[in-house]
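Trainee:
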Amino acid sequence: MSRRAFTRREILAGGAAVAGSILLGCRGPDSPDPGNGIDGGIVGSSHKTGHRLRNGHEFPRPARTERADVVIVGGGVAGLAAARRMNRGGLRDFVILELEDAIGGNSRSGASAVTPYPWGAHYLPLPGTEAKEVRRFLAEVGAIEGFDRKGRPLYNERHLCHAPQERLFIHGRWQEGIFPHTGAREEDFAQLASFREEMDRCRKWRDGAGRRAFAIPRSAGSPGAFRDLDRLSMAQFLASRGWNSRRLRWYVEYACRDDFGAGLEETSAWAGVHYFAGRETDPQYGDNVLTWPEGNGWLIARMAEGLRDRVRPGQLVFNVEPVGGGVRADVYDADAGTAYSVEAREAILACPVFVAARIWRPWRERPPAFVGVFRYAPWLVANLHLDGPPEDGAGAPLSWDNVIYESDSLGYTAATHQSLSTGVGATVLTYYRSFPGLDPSAVRREMLGAPWPAHKDRVLADLARAHPRISSQVRRLDVMLYGHAMVRPEVGFVWGRALRDAMRTLSGPVHLAHSDLSGFSLFEEAFDWGTKTADVALARLGKSS
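Position in the sequence shown (from 1) plus 26 gives the number in my numbering.
#1: Excluding the five sequence neighbours on either side, which residues of its own chain have a C-beta within less than 6 Å of the C-beta of G209, listed in chain order?
#2: When you compare only the Cα positions, how much space is there between R305 and W296?
#3: How far does the alpha helix (DSSP H) with G475 in it reach, from first residue to last?
#4: Can you tell which of Y457, L464, F240, S570 has its C-alpha closest to the C-alpha of A487?
#5: Could you give the uninterrupted runs of the beta strand (DSSP E) lying entirely in the segment 199 to 224, keeping only those of 3 residues or more?
#6: Do V407 and P151 come within 8 Å of each other at the CB atom, strictly closer than that value?
#7: Given that a residue counts as buried once 16 or more other Cβ atoms are within 10 Å of its Cβ, and exposed if not, what is K176?
#8: Specify the secondary structure class of Y280 as computed by DSSP and reduced to three states.
#9: Nearest CA to the CA of G100: which residue from F344, C187, N270, P477?
#10: Going straight from the alpha carbon of A383 to that of G298, what length do you get?
#11: Return helix, strand or coil for Q341, following the three-state DSSP convention.
#12: Quick check: what's the CA-CA separation for R118 versus N132?
#13: Should A524 and F380 be called a contact, given that it needs their Cβ atoms to be closer than 8 Å?
#14: Is it buried or exposed, H443, if we count other Cβ atoms within 10 angstroms and call 16 or more buried?
#15: Under 8 Å between the Cβ atoms of L464 and A440?
#16: Which partner residues does N409 have in the DSSP bridge list?
#17: Does the Cβ of V349 have 16 or more other Cβ atoms within 10 Å, making it buried, or fewer, making it exposed?
#18: Given that a residue counts as buried once 16 or more other Cβ atoms are within 10 Å of its Cβ, and exposed if not, what is A560?
#19: Give me the Cα-Cα distance between C187 and P535, rounded to the nearest whole angstrom.
#20: Helix, strand or coil for V167? Go by DSSP, reduced to three states.
#21: Would you please state the rounded distance, in angstroms, between the beta carbons of L412 and R491? I believe it to be under 8 Å.
#22: Taking the alpha carbon of V517 as the point to measure from, which residue in S294, L325, Q217, E192 has its own alpha carbon closest?
#23: At the level of alpha carbons, what is the spacing between A107 and D554?
#24: In the DSSP assignment, what are the bridge partners of A288?
#25: Should R257 and E224 be called a contact, given that it needs their Cβ atoms to be closer than 8 Å?
#26: Which one of V513, G421, W386, A373 has the shortest CA to CA distance from L567?
#27: If you scan the segment 295 to 379 from start to end, which runs of the beta strand (DSSP E) of 3 or more residues do you find wholly inside it?
#28: DSSP on S541, reduced to helix/strand/coil?
#29: Measuring CB to CB, does Q201 end up less than 8 Å from G421?
#30: Please name the residue or residues paired with Y149 in a DSSP beta bridge.
#31: Can you find the residues in the same chain that come closer than 7 Å, C-beta to C-beta, to P462, ignoring five residues on each side of it along the sequence?
#32: Does the beta-carbon of P126 have 16 or more other beta-carbons within 10 angstroms, so that it is buried, or is it exposed?
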């Protein structure tokens, strides 16, 4: 095998909210740092309001009652997909209740005078043939300009990631691509080739009905295919194949940390293989992805078009219970400090399972056994505002995705990468870190308990490995803490009883719609759950999508 650069997406191609209620974090005022003049703070995430729900705080008695056909709890991807579907079905009497001051869940974004930038998910892989609704949505908003004779999408190149796409800092210099080929041995390349071949076989597998094992969304896949992999950790799976290359194991673990917030020991092998085998090869665009300066915030803005008058930010739903033939949601308005109720014919809980268990009264009074099996990964996202691009060492130039080998972080993206400007000027770097480990709750407490200066210093120290003068270049560094960023697909979870029970428990007038129910957090999964749950609610209301 040639020792050329292997991009992560090339290997994926072969031969990804917390919505609506509790997204734990800390909010603090801007905190100037007298040491090096860097301003910033811990921003976002209405943790204090959310903790009132977690701690069983008493809320004011609702002072008024409103009525709607449907109430949606959560303004992330699933909630917005449900709302979009109902709009298409001619139902417009609904309200979206969102705890945060902005919609989007973990696809939120921000903006400076220089550029928009992401606060979470920052790209969308080109959706495959199974993700029909996502493709339809992308066509509606102009990311897909048409289809060829074979029905394959033709993408607007403005939305495709520009080159250079990926680089890795290793042995004191930058290399193109994420797989650490610099200094690798022949055995490393041989194991990489073997791994790629196995993932390609998994990708191409079909059942008698033509369904793939590792489809995206999962609902389009072959039921139960390869489910024995769920009994193994990804570490055990690699060991069983003799793949012990330190570089290959780092690469695969990086993927697990990136998509699941978990390491090789915690991640279900089925989920790990799904990461590499779930994406189909696009014959025209290869391994490219869709991305924007604000990341998936661009998608959120498009999904919310025409819905703004029905989106209410700053609203904590603290109780949902059956009333007659419908449902009542009790809501705390964080800004006003008052409460009100919404009585609806249908309710869609577009929020994580652990949140649903705290607001749906029957679950709150008698918690289902499956709730405790859902475990969530904490994340840190930091946005660093620089007067110019970071000063680099030797090797590959600044790219869209920039990763440091054997770092605890996932690296950073450059928000101005997609700019059509030829000038070199100020930029924003979005830095990501997940916290894998066997006990996410302990890591979560430590992360949330640390003050902004501690987070700032850790971020800068990590980046200084590749950019020694980074502290002198940064003018502002803000941090957002996600206590429960995404569900972790741990061993036995993806095909386990807890996930099945969570899917089947609510069937109306209250419905659960969240990527939790797929076992991992992908845009296509959240979009699928929101869309098909809206279809069920519409049918119950005598409407058609």
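Backbone N, C-alpha and C fix where the C-beta goes; we use that ideal spot for every residue, glycine too.
Mentor: Considering the structure as presented:
#1: H197
#2: 14 Å
#3: 466 to 475
#4: Y457
#5: 199 to 202
#6: no
#7: exposed
#8: helix
#9: F344
#10: 28 Å
#11: strand
#12: 26 Å
#13: no
#14: buried
#15: no
#16: T456, D504
#17: exposed
#18: buried
#19: 42 Å
#20: coil
#21: Contact doesn't hold; Cβ gap of about 17 Å is too wide.
#22: S294
#23: 8 Å
#24: A288 is not bridged to any residue.
#25: no
#26: A373
#27: 315 to 317, 341 to 349, 352 to 359, 364 to 375
#28: helix
#29: yes
#30: T317
#31: R283, G287, A288, G289, E292
#32: According to the sequence provided, residue 126 is Glu. The question's Pro does not apply to it. Looking at its Cβ environment, which holds 16 or more other Cβ atoms inside 10 Å, E126 is buried.
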